[in-house]
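Protein chains in written order, with UniProt numbering: chain P, 1 to 765; chain Z, 1 to 203.
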């Protein structure tokens with residue numbers, strides 16, 4: 001079997017019965033494909049307790065009715081269901097290995113289909129099952145439970161990976177990038193988990209194939225692609241805070257054509273952690289997602305697919321202005337978000353060894369924030385933002401021979417933006433080329449190397465190389481490592497954004513318009529204090545990084561899996577927002593700056609242990625160390641001081657320094673998955689721990705250096721129970737943060753949430 | 001305004017005053033330098049209407065004489081003028097200032113590299129803006145806090161040197177963690193200073 005294969009690896013689910021028909025005997029033996037006994041197999045007759053086989057893999061059923069079904073389970077193998085008749089005809093049962101577990105395909109790492117087992121970089125794949133067990137409704141609910149990932153609250157649900165924020169994480173939907181960010185954050189609450197087939201989490205820089213943004217890693221959301229002739233799923237989820245999520249999924253697979261469609265509605269009343277203040281912590285909003293994917297084979301060599309998606313979000317809220325006419329202080333907010341995607345793709349395969357893909361991708365993203373004084377309906381503030389992103393890309397994959405797969409890509413990007421107070425429509429053009437070589441010289445060793453060259457209308461050229469390799473020390477142990485460079489060009493937002501979050505009352509200005517923006521605010525008398533002279537804001541440079549990732553995949557026993565990854569990212573010219581002016585409301589106007597450089601490094605460990613076929617434990621741990629090198633320089637130069645409550649000033653030492661804000665040095669999770677056989681109830685208990693993190697500076701020097709500046713660690717205990725009825729109806733019930741831990745320094749934690757959901761398959765498959 | 005002025009350190013320096021002055025190779029008499037504490041010196045900023053953007057009420061600067069250790073009026077020989085977070089020096093009376101980094105108690109002389117400047121039309125000797133002059137602005141908490149280790153050196157109307165450290169911008173000099181930017185009255189300066197009355201650069 002090719003370990004790297006151009007032809008899409010088919011996930012064959014060997015569910016077909018292939019019992020070896022011998023003569024009937026009392027004792028029946030369970031064996032693997034090589035005829036060796038499977039000694040950890042379990043046998044269950046309907047409505048009876050499961051029974052283990054003996055040391056020879058043999059068992060005998062004492063009592064059964066002719067209508068009973070007999071289930072044969074074993075970890076790592078496909079479960080076999082036999083009727084009493086079939087059972088009587090057997091003496092040996094051969095279980096097929098669980099192919100799904102072995103041949104999990106990952107697209108995002110190489111932009112070709114590739115088995116996760118063979119990937120020389122750290123990748124986590126979340127199956128539909130794993131997504132469902134979180135009981136989550138939005139993508140943030142699912143990702144917050146994964147080792148090494150954090151969801152923080154910064155202009156929406158902000159993902160943190162390898163200690164880096166959402167700005168440095170590329171979010172892909174079926175391989176195509178999603179745009180539309182607020183102050184760098186891609187709000188993960190914009191993505192519904194309905195219709196997701198799997199999520200690929202690729203860690204480490206991937207600019208060598210994806211270019212800008214893929215610095216910390218890539219999240220690729222793969223939507224469902226129907227395998228059944230026709231499916232119609234109707235579902236609804238309800239949870240605390242009057243959150244309500246009905247959805248419908250349709251799938252048709254006829255002849256050469258496949259259609260998948262989704263409609264998903266979500267609404268929530270939001271929550272309020274500070275009821276004494278006007279305005280909620282999270283405003284009420286509703287969101288609608290509609291999505292259609294059509295693909296078909298025009299001929300044996302030509303495949304066409306179209307993907308279209310629309311997302312509409314409306315949020316309402318209120319805020320109180322601190323000054324002015326007492327009757328004019330309440331302001332109502334109405335924020336709209338519109339996001340449209342259209343991605344046509346043509347795949348042409350002239351022969352077995354050559355694949356050409358032509359991909360088009362267009363994304364329209366717009367926001368409108370309308371704030372009005374409640375008593376007079378007068379406009380308090382009105383802000384619009386329209387972004388268009390288009391990419392055309394041609395990729396060619398050539399399977400030179402069994403050992404070599406070459407990928408060439410060529411692409412062009414057009415990006416435009418129009419926003420309130422811009423006189424012109426701004427446009428950027430970019431072109432790029434990438435090359436990748438997947439080399440598989442032996443069964444035990446493989447290597448992926450490549451680079452990407454980006455040419456940008458504003459920032460000139462950039463070359464991003466990466467090399468990764470994996471060596472299989474033994475069947476049980478693989479060692480892998482990669483070195484790569486990442487970059488992130490200053491985007492429209494950082495250059496041109498003119499954003500007012502009326503809800504929170506802050507402004508964000510791109511570096512090229514900061515001066516003008518501050519001047520405008522000043523003329524309106526909204527500025528109480530200039531904090532950084534906007535004239536001094538220079539031209540932004542692209543951020544760039546070098547990173548190392550290295551680790552092991554170890555299976556000391558078939559029941560145990562151990563994944564370990566250690567990494568170090570060093571980023572130069574990091575762009576961060578900093579306040580340039582304080583507003584009379586006490587809020588701020590921000591702009592963007594190249595903050596010298598930072599380092600993030602850490603270790604991520606995942607342990608899995610399958611105790612029994614129906615009982616699995618897993619444990620995740622992440623260690624994270626971050627530092628701003630500029631701060632360290634200041635400390636070393638003796639320029640950073642701190643003052644205690646008795647006004648005693650002392651020098652800050654290196655050992656006082658706690659790194660970047662909002663990062664937990666330690667975090668982790670434990671998960672227990674248990675299937676209760678008698679009732680068929682699946683239980684997923686998870687404990688998600690976030691270690692202490694620095695939330696704010698409290699001693700005046702703006703860095704993290706005092707014990708009082710850390711928020712306590714906390715544990716979120718989450719439980720989901722689900723049960724299927726006749727494979728057509730699935731019920732789930734559960735809760736997150738069951739201990740109802742309050743975390744005032746983490747405003748995206750509303751407290752305990754209870755949820756329930758139902759999913760009905762209309763057609764039998 | 002509530003200004004209470006306390007003498008912090010009437011120290012035993014008086015004992016060393018004359019003994020240290022040996023054989024007259026130092027022509028200047030050594031005078032004890034006392035550290036003065038000024039609490040809750042109130043200098044409110046203009047009132048601005050958020051919705052209209054106009055200044056509803058313009059507030060005056062509040063003047064302080066380091067020489068007299070007292071609040072004075074605009075017509076007097078003031079050294080520093082405060083309004084909101086802005087601090088001006090009396091340029092017409094040749095008052096100048098420099099900002100140095102160090103621990104207040106350990107600064108025993110005016111450093112040779114301290115660059116004194118007076119206010120001009122475009123630039124203030126004590127710059128405004130977070131991180132620039134005397135304070136940091138914390139965007140997460142919306143608080144104004146004096147930068148630890150920043151010491152302002154002032155050459156007064158009399159030509160004497162002063163070292164000065166601002167300790168708080170909030171009424172009652174509360175610990176930073178207890179400041180609520182919306183309810184704790186701001187523009188209440190607490191600072192300490194030491195003036196060398198003999199014109200030397202030693203403190």
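Ideal Cβ placement from N, Cα and C applies to all residues, glycine included. Note that the structure is predicted; figures quoted are calculated from it, not measured.
Pairwise C-alpha distance: residue j and residue i
i: residue 247/P; j: residue 129/Z; result: 51 Å
i: residue 149/P; j: residue 165/P; result: 10 Å
i: residue 211/P; j: residue 464/P; result: 7 Å
i: residue 190/Z; j: residue 333/P; result: 39 Å
i: residue 213/P; j: residue 549/P; result: 18 Å
i: residue 45/Z; j: residue 583/P; result: 13 Å
i: residue 759/P; j: residue 636/P; result: 60 Å
i: residue 107/Z; j: residue 159/Z; result: 19 Å
i: residue 152/Z; j: residue 283/P; result: 45 Å
i: residue 290/P; j: residue 309/P; result: 6 Å
i: residue 147/Z; j: residue 131/Z; result: 7 Å
i: residue 138/Z; j: residue 187/Z; result: 16 Å
i: residue 268/P; j: residue 543/P; result: 37 Å
i: residue 653/P; j: residue 276/P; result: 40 Å
i: residue 755/P; j: residue 237/P; result: 7 Å
i: residue 487/P; j: residue 666/P; result: 27 Å
i: residue 432/P; j: residue 415/P; result: 14 Å
i: residue 591/P; j: residue 390/P; result: 26 Å
Beta carbon proximity, residue i to chain B, threshold 7 Å
i: residue 697/P; result: Although the question refers to chain B, the structure presented lacks it and instead comprises the protein chains P and Z.
Buried versus exposed call for residue i [16 or more other C-beta atoms within 10 Å across all chains shown]
i: residue 140/P; result: buried
i: residue 574/P; result: buried
i: residue 490/P; result: buried
i: residue 343/P; result: buried
i: residue 203/P; result: buried
i: residue 325/P; result: exposed
i: residue 115/Z; result: exposed
i: residue 140/Z; result: exposed
i: residue 686/P; result: buried
i: residue 718/P; result: buried
i: residue 196/Z; result: buried
Chain P within 7 Å of residue i, Cβ atoms only
i: residue 111/Z; result: no
i: residue 153/Z; result: no
i: residue 98/Z; result: no
i: residue 140/Z; result: yes
i: residue 35/Z; result: no
i: residue 60/Z; result: no
i: residue 103/Z; result: yes
i: residue 15/Z; result: With a pLDDT of only 38 at residue 15/Z, under 50, the local geometry of the prediction cannot be trusted, and the value read off the model is given with reservation. Output row for residue 15/Z: interface = no.
i: residue 148/Z; result: yes
i: residue 85/Z; result: yes
Beta carbon proximity, residue i to chain Z, threshold 7 Å
i: residue 639/P; result: yes
i: residue 223/P; result: no
i: residue 529/P; result: yes
i: residue 579/P; result: yes
i: residue 568/P; result: no
i: residue 645/P; result: yes
i: residue 649/P; result: yes
i: residue 588/P; result: yes
Residue i CB to nearest heavy atom of the ligand SAM below 6 Å
i: residue 708/P; result: This structure simply doesn't include the ligand SAM, nor any ligand for that matter.
(request) Please name the residues in the stretch 114 to 138 of chain Z whose beta-carbon is closer than 7 Å to at least one beta-carbon of chain P, in chain order. (result) 128, 129, 130, 136, 137 and 138
(message) Taking beta-carbon pairs under 7 Å, can you tell me which members of the stretch 692 to 722 of chain P lie near chain Z?
(response) 696, 697, 698, 699, 700, 701, 702 and 708
(message) Check whether the stretch 184 to 204 of chain P and the stretch 116 to 135 of chain P touch, using three or more Cβ-Cβ pairs below 8 Å as the test.
(response) yes
(message) Does the contact criterion of 3 or more C-beta pairs under 8 Å hold for the stretch 104 to 117 of chain P versus the stretch 696 to 712 of chain P?
(response) no
(request) Select from the stretch 176 to 199 of chain Z all residues with a C-beta closer than 7 Å to any C-beta belonging to chain P, and list them in chain order. (result) 176, 177, 181 and 182
(message) Could you check whether the stretch 551 to 569 of chain P touches the stretch 524 to 535 of chain P, counting it as contact only if at least three pairs of C-beta atoms, one from each stretch, sit closer than 8 Å?
(response) no
(message) Does the stretch 738 to 751 of chain P come into contact with the stretch 214 to 226 of chain P, if we say contact requires no fewer than three beta-carbon pairs (one atom in each stretch) closer than 8 Å?
(response) no
(request) Evaluate the contact criterion for the stretch 684 to 698 of chain P versus the stretch 645 to 664 of chain P: three or more CB pairs, one atom per stretch, below 8 Å. (result) yes
(request) With 7 Å as the limit, tell me which residues of the stretch 661 to 689 of chain P have their beta carbon closer than that to any beta carbon of chain Z; keep them in chain order. (result) none
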